[in-house]
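My numbering puts the first residue of the sequence shown at 2, with every later residue one more than the last.
These notes are about the structure you will find just below.
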Amino acid sequence: MGLIINNGYPMRLFAIFLLCFGVTKATPIDSKLGDFSKSKNPKALPVGWRIKEGKKADIKVWEQEEQSGFILPTDLKLTRTINFQPLTEKESKAGGEWTTFLGFDSLKSPGKAQLTLSDDQNKIVASILTTPSKSGRLWAEISPEKTAQLFGKKLTLQLAISGGGVLSQGVHLCRINSKPGKHLFGRSNGGLGPDKLNAGSLGFSAMTEHAQTILPVMEVRKRLAADKAGLKPGDRIIEVNRQPLPINDLKPGWDWFHHSHEATLGRAVLAAASPQRREDMRNIVELGVLRKGKLERLHLKVPRAMNFSNLDPGKDKTADVLHQDLIAYLVKNQRPDGSWSRDPIRTTFSALALMATRDTQHTKRIKKAVDYLLNRYPEAEKFGNLGFWHSAYAGILYSEYYLASGDDRVLGRMQDIRDWALTGTHTSKWGMPALGHGIGGLPYGQKALIAPLAHLIVFEALAKRCGMKSKIWEELTPYIEHSWSDPKSKNGHGAMGYNASYKDLGEFWSRSGLCAIACELRGERPDMRDALT
2 MGLIINNGYP MRLFAIFLLC FGVTKATPID SKLGDFSKSK NPKALPVGWR IKEGKKADIK
62 VWEQEEQSGF ILPTDLKLTR TINFQPLTEK ESKAGGEWTT FLGFDSLKSP GKAQLTLSDD
122 QNKIVASILT TPSKSGRLWA EISPEKTAQL FGKKLTLQLA ISGGGVLSQG VHLCRINSKP
182 GKHLFGRSNG GLGPDKLNAG SLGFSAMTEH AQTILPVMEV RKRLAADKAG LKPGDRIIEV
242 NRQPLPINDL KPGWDWFHHS HEATLGRAVL AAASPQRRED MRNIVELGVL RKGKLERLHL
302 KVPRAMNFSN LDPGKDKTAD VLHQDLIAYL VKNQRPDGSW SRDPIRTTFS ALALMATRDT
362 QHTKRIKKAV DYLLNRYPEA EKFGNLGFWH SAYAGILYSE YYLASGDDRV LGRMQDIRDW
422 ALTGTHTSKW GMPALGHGIG GLPYGQKALI APLAHLIVFE ALAKRCGMKS KIWEELTPYI
482 EHSWSDPKSK NGHGAMGYNA SYKDLGEFWS RSGLCAIACE LRGERPDMRD ALT
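Right under this line is the structure:
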């Protein structure tokens, strides 16, 4: 596991060996390598690769439970060219050093595989040689000095099989900054990272990024599990409980629940508390980290060993205590002006949470929050650039507050929000009225988006119960239907798309639930309601 020299370039090699592991079927990583997961075409090559030596007919696809990949025959050589992307302006200004990691996944096989990465001068900069009859993921580390010379260059990968067939699940190429942090974050709403992953029960945060197989640690909180185990900022997590990290999937949809690094850590915490856990590993999450070119394994003791709650305060004592703690936090942290932050969304949710307790001791606090919103937003236009979102949240609180208290001061503001929304419609790309984030126009090439509208139709459905007349639903139903992945249509799955361009892509998130709530409150479109839920 020491330092290996290839053509004068420093490179470290280390491996994770295990009995077996699964690989995700996520989209190929940014470097366009792809993985070797099963292709729709059983005779296909691994995505993007071409044959240098050998026969395509000898390559076989294999699949077992959730695992899949290729059986690569002996004497086969595959190659592919990749463009090693230059740093973006943000990455160039981020500071720190960039290190590149080349990885290869294989299962127990009789043959050997040699993977090499060559620069634009055909000099080998990294090489991995597998061991027969071993399973695992091997990594080769390319130094920051050499990585700096590769940016913007065209590189070549070659995979050579000898001595027998090899079962492989993928090739990985990751570039990691030595100082991960918010200065590298991407778009937070709907983006694919980098973003913050907060492993609260383990006491650390990391920088998560779509399609990566390495998770760099950002912060370690003192005196908590990670700190006690010796985890440090800058460590690179490559395995959890001796399983290599999957290809991180941050796309909105079900795959996030199965293949994201958040989900991987969450399952590990659940497993730690399992009574079936081996006694010496009870309440332990084991992390494998790369540190100065070496693999180290750390044992993080989950701080609170207990059965997990069903989160129903009426049926679960632990959930009830948690709920009371949260309510007490809201009571303690309401500001003198009635808000919980300058963000109207937090104030709305906090007031609604107090209202949901039906405890009269919170009546003054709820009224104070409503008064704050009435005073800060005397006209709907004051809600600003994201106004349709923010005004919808306030409108939901106003409606619930009126239904609970009969305080008619909010009725005029509710009507103002309604009128403002209706004046903000524009004709979408598809020739139907739609809403943007606010009244300024429609984003995304006039395709607009469903999310602000989804919040507004929930507000409208509640407002109608207060006696307010409104036609937001009626006017914008064509856009809602056009953005819905109707299960009766080809590729339809029932969820609500970001807009019509995304409706059949397996995305859903809160917009689906909000539209289902609106259908239920209105007593309309049970077909849409049931499909969305």
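Where is the CB? At the ideal position from N, CA and C, for every residue including glycine.
Note that the coordinates shown come from a computational prediction; the quantities given were computed from them, not determined experimentally.
1) Assuming Ile-129 and Leu-116 form a contact by the criterion Cβ under 8 Å, report the distance between their Cβ atoms to the nearest whole angstrom.
2) Going by the DSSP bridge assignment, what does Ile-285 pair with across the sheet?
3) Which residues does DSSP list as the beta-bridge partners of Ile-125?
4) Have a look at Asp-321 and Trp-63 and give me their C-alpha separation to the nearest angstrom.
5) Going by Cα to Cα distance, which pick from Gly-153, Asp-59 and Asp-106 is closest to Gln-86?
6) Since Gly-204 contacts Asp-228 with CB under 8 Å, what's their CB separation in whole angstroms?
7) Please classify Ala-357 as buried or exposed, where buried requires at least 16 neighbouring CB atoms within 10 angstroms.
8) Determine the DSSP secondary structure at Gly-446, reduced to helix, strand or coil.
9) Where does the unbroken alpha helix (DSSP H) through Arg-410 begin, and where does it stop?
10) Tell me the rounded alpha-carbon separation between Val-218 and Glu-287.
11) Give the secondary structure of Pro-527 by DSSP, where H, G and I count as helix, E and B as strand, and everything else as coil.
12) Does the Cβ of Phe-312 have 16 or more other Cβ atoms within 10 Å, making it buried, or fewer, making it exposed?
13) Express the C-alpha separation of Lys-197 and Leu-251 in angstroms, rounding to a whole number.
14) According to DSSP, is Ser-429 part of a helix, a strand, or is it coil?
15) Does Phe-186 come out as helix, strand or coil in the three-state DSSP assignment?
16) Could you please give me the residues that DSSP links to Lys-113 through a beta bridge?
17) For Trp-50, name the three-state secondary structure that DSSP assigns.
18) For Ala-449, tell me which candidate among Met-469, Glu-461, Met-433 and Pro-234 has the shortest Cα-Cα distance.
19) What do you get for Asn-178, buried or exposed, if any count of 16 or more other CB atoms within 10 angstroms of its CB means buried?
20) Tell me whether the segment 440 to 448 and the segment 390 to 408 touch, counting them as touching only if at least three CB pairs, one residue from each stretch, are closer than 8 Å.
21) Tell me, to the nearest whole angstrom, how far the beta carbon of Leu-73 is from that of Val-167; I am working on the premise that it is less than 8 Å.
22) Along the chain, where does the alpha helix (DSSP H) that runs through Glu-475 open and close?
23) Output the distance between the C-alpha atoms of Ile-418 and His-494, rounded to the nearest integer angstrom.
24) Alpha carbon to alpha carbon, how far is Ile-1 from Trp-421?
25) DSSP beta-bridge partners for Arg-292?
26) Beta-carbon separation of Pro-195 and Gly-201 under 8 Å?
27) Can the beta-carbon of Arg-283 be found less than 8 Å from the beta-carbon of Gly-289?
28) Contact between the segment 468 to 477 and the segment 497 to 513: three or more CB pairs below 8 Å?
29) Going by DSSP, what residues sit across from Phe-205 in a beta bridge?
30) Starting from Asn-538, follow the beta strand (DSSP E) in both directions and report where the run begins and ends.
31) Can you tell me the Cβ-Cβ gap for Glu-280 and Asn-249, rounded? I've got them flagged as a contact below 8 Å.
32) Just the Cα atoms here: how many angstroms apart are Gln-65 and Glu-98?
33) With respect to the alpha helix (DSSP H) encompassing Lys-465, which residues constitute its N-terminal and C-terminal limits?
34) Taking buried to mean at least 16 other C-beta atoms within 10 Å of its own C-beta, is Gly-413 buried or exposed?
35) Secondary structure at Ile-367, three-state DSSP: helix, strand or coil?
36) In the DSSP assignment, the beta strand (DSSP E) including Arg-81 goes from what residue to what residue?
According to the data block:
1) With 8 Å as the limit, Ile-129 and Leu-116 qualify as a contact, their Cβ atoms being about 4 Å apart.
2) In the DSSP output, where bridge partners are listed per residue, Ile-285 has Lys-302.
3) Note: Ile-125 sits in a beta bridge opposite Ser-119.
4) Per the coordinates, the alpha-carbon of Asp-321 lies some 49 Å from the alpha-carbon of Trp-63.
5) The option with the nearest alpha carbon to Gln-86 is Gly-153.
6) Yes, they are in contact, since the Cβ atoms of Gly-204 and Asp-228 sit about 6 Å apart, within 8 Å.
7) Burial call: exposed.
8) Helix at Gly-446.
9) It spans 410 to 424 - the alpha helix (DSSP H) in which Arg-410 sits, taken as one unbroken run.
10) When only Cα atoms are considered, Val-218 and Glu-287 end up about 15 Å apart.
11) DSSP, read as helix, strand or coil, puts Pro-527 in helix.
12) A small correction: the amino acid at residue 312 is Leu; Phe does not occupy that position in the sequence shown. In summary, Leu-312 is exposed, with fewer than 16 beta-carbon neighbours lying within 10 Å of its beta-carbon over all protein chains present.
13) In a straight line, the C-alpha of Leu-251 is about 12 Å away from that of Lys-197.
14) Three-state DSSP puts Ser-429 in coil, outside helix and strand.
15) It is coil, neither helix nor strand.
16) Per the DSSP secondary-structure output, Lys-113 pairs in a beta bridge with Ser-163.
17) If DSSP states are grouped into helix, strand and coil, Trp-50 belongs with coil.
18) It is Met-433 whose Cα lies nearest to the Cα of Ala-449.
19) Classification of Asn-178: buried, given that the 10 Å Cβ count is 16 or more.
20) In short, these stretches do not touch, since the Cβ pair count stays below three.
21) At roughly 5 Å, the Cβ-Cβ gap stays under 8 Å, so Leu-73 and Val-167 are in contact.
22) Residues 473 to 484.
23) So the alpha carbons of these two residues sit roughly 33 Å apart.
24) Absent from the structure is residue 1, since the part of the chain shown begins at 2 and ends at 534.
25) Its beta-bridge partners are Lys-295.
26) No, the pair does not count as a contact, with Cβ atoms beyond the cut-off.
27) Cβ atoms of Arg-283 and Gly-289: not closer than 8 Å.
28) Because the criterion of three Cβ pairs below 8 Å is not met, the segment 468 to 477 and the segment 497 to 513 do not touch.
29) Ala-200 and Val-221.
30) Outside the displayed span of the chain (2 to 534) sits residue 538, for which this structure offers no information.
31) The Cβ separation is near 32 Å, so there is no contact.
32) Straight-line Cα distance between these residues: approximately 40 Å.
33) Element bounds for Lys-465: 452 to 466.
34) Its Cβ having fewer than 16 others within 10 Å, Gly-413 is exposed.
35) In this structure, DSSP gives Ile-367 a helical state, which the three-state scheme calls helix.
36) Taken as a continuous stretch (DSSP letters only), the beta strand (DSSP E) holding Arg-81 covers 78 to 84.
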